[in-house]
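Please read the structure below before turning to the comments.
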Amino acid sequence: MNDETLLARVSRFIGTLRHCQHLGIRAVSATENELVVELPYSDAIVGNPETGVIHGGAITTLMDTASGTVVICALPEFELCPTLDLRVDYMRAAEPGHPVYARARAYRVTSNIVFTRCETFQEDPEQTIAHCVGTFMRIGPEATPKAYRDLITGGYDE
Amino acid sequence: MSLSGEMRSALEAGDYQALIQAVPYARTLGMECETFGEEVVFHLPRSDDNLGNPILPAIHGGVIGGFLEMSAMISLMMSQETPRLPRIVDFSLDYLRAGLDRDTFCECHLTRQGNRVANVIVTAWQQSRRKPIATARAHFIMD
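First to last, the sequence lines map onto chains R and D.
Counting in the numbering used here, the first sequence runs from 1 upward without gaps.
Counting in the numbering used here, the second sequence runs from 1 upward without gaps.
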């Protein structure tokens, strides 16, 4: 699958996640094993009204979305994989007023589990805001209704 | 420490609901809180805007994480003798069951409070407390 097809596919997937639409989360780029997702800054995700710093929970949502969606990039056909666990380390507060990006990779795929890593950053990719490792369970493509799979894949699999 | 006046007065009054209302992200999730004597149960009413998986449908995993993290932080702030603002260091989240499109509840337990670091565990459930949908563990630095 080329990167353009992949980006269209992950964008359609994120587009079906209502809460992501609510926060304005969108895919920026996708390759076979790496996905970048953006969380725009908004008043709705502020944790401390005094400083305008984003709440950790919104960063967790961004990372869960990026990690769960990179699974689509890593698997041969589309299957929904529920999250087993996430471990998030917060390195520094995000700078208010600027978007936050999450770059996720699936670094190991087995028949049962997909292992992911993800880091978030702002302007400088070296200045990590938060880091996250996750595990996702494979329940097989058949566990997802065909109509939904077709919606995401555009009706074909490669 | 930078606490807004609204947060500070909610803390001094011991008013959980006012503290939640002072945090924009908590309002976005639609969080609430119910107190039964000294027992506190955080409540996330069902909401279309919190959904992820449209098939089940289920609450976005990140929303469950945000709800648990917010609850841990609020219960920690309320447990302090003087107003302090905890900063989260790390957060571990185990998803045990799908969080379906219905009301979700959680309760927090302050496992250990040191001079600088606090450890909080959180358990979330929907229909029955005996069937948790997620558990979480968080460390905070106390400024």
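Backbone N, C-alpha and C define an ideal beta-carbon position, used for all residues, glycine too.
With 16 or more other Cβ atoms from the protein chains shown falling within 10 Å of its own Cβ, D:Ser71 counts as buried. Taking 9 angstroms as the upper bound on Cβ-Cβ separation, chain R lies near residues Ala22, Val23, Pro24, Tyr25, Ala26, Arg27, Thr28, Leu29 of the stretch 19-37 of chain D.
Around the C-beta of R:Gly97, fewer than 16 other C-beta atoms lie within 10 Å, and the residue is accordingly described as exposed. DSSP places D:Ile133 inside the beta strand (DSSP E), whose first and last residues are 132-142.
D:Glu39 is positioned such that its CB atom lies no closer than 8 angstroms to that of D:Gln17. DSSP lists D:Leu100 as the bridge partner or partners of D:Ala58. Restricting attention to R:Thr69, R:Thr128, R:Thr116, the CA atom closest to the CA of R:Ser11 is found in R:Thr69. Under the DSSP assignment, D:His43 falls in the beta strand (DSSP E) whose first and last residues are 39-44. Its chain contains Thr144 as the residues whose beta carbon lies nearer than 6 angstroms to that of R:Leu80, once the 5 sequence neighbours on both sides are disregarded; these appear in chain order.
Among the residues of the stretch 25-50 of chain R, those with a Cβ less than 8 angstroms away from any Cβ of chain D are Asp43, Ala44, Ile45, Val46, Gly47, Asn48, Pro49, Glu50, in the order of the chain. Using beta-carbon distances, R:Thr153 does not count as an interface residue toward chain D, since no partner is under 8 angstroms. Put simply, of R:Pro82, R:Val114, R:His19 the residue whose alpha carbon is nearest the alpha carbon of R:Pro76 is R:Val114. For R:Val88, the closest C-alpha among the options R:Glu38, R:Gly24, R:Ile152, R:Gly56 is that of R:Gly56.
When C-beta distances to chain D are compared with 8 angstroms, the residues of the stretch 58-83 of chain R below that value are Ala58, Thr60, Thr61, Leu62, Met63, Asp64, Thr65, Gly68, Leu80, Pro82, Thr83, in chain order. Around the Cβ of D:His109, a 10 Å sphere holds fewer than 16 other Cβ atoms; the residue is exposed. Taken atom to atom, the span from the alpha-carbon of R:Phe78 to that of D:Glu107 is near 36 angstroms. Residues of the stretch 49-61 of chain D with a C-beta atom less than 9 angstroms from some C-beta of chain R are Asp49, Asn50, Leu51, Gly52, Asn53, Pro54, Ile55, Pro57, Ala58, Ile59, His60, Gly61, listed in chain order.
By the Cβ-count criterion, R:Val100 is buried, with 16 or more other Cβ atoms from all chains shown falling within 10 Å of its own Cβ. Boundaries of the alpha helix (DSSP H) around R:Leu23: 18-23. Separation of R:Thr31 and D:Gly61 (C-alpha to C-alpha, rounded to the nearest whole angstrom) is 24 angstroms. Membership of D:Cys33 in the beta strand (DSSP E) is indicated by the continuous run 32-36. With a contact defined as Cβ atoms closer than 8 angstroms, R:Thr65 and R:Leu17 qualify at about 7 angstroms. Going by DSSP, R:Leu35 is part of the beta strand (DSSP E) stretching over 34-39. Between the alpha carbons of D:Leu56 and D:Met77 lies a gap of roughly 35 angstroms.
Between R:His98 and chain D, the shortest Cβ-Cβ separation is not below 8 angstroms.
When 7 angstroms is used as the limit between beta carbons, D:Val89 is near these residues of chain R: Tyr90, in chain order.
Restricting attention to R:Gly15, R:Asn112, R:Ala58, R:Pro40, the CA atom closest to the CA of R:Glu123 is found in R:Pro40. Within chain R, the C-beta atoms nearer than 8 angstroms to that of D:Glu69 come from His55, Gly56, Gly57, Thr60, in chain order. As DSSP reads the structure, R:Phe13 sits in no beta bridge.
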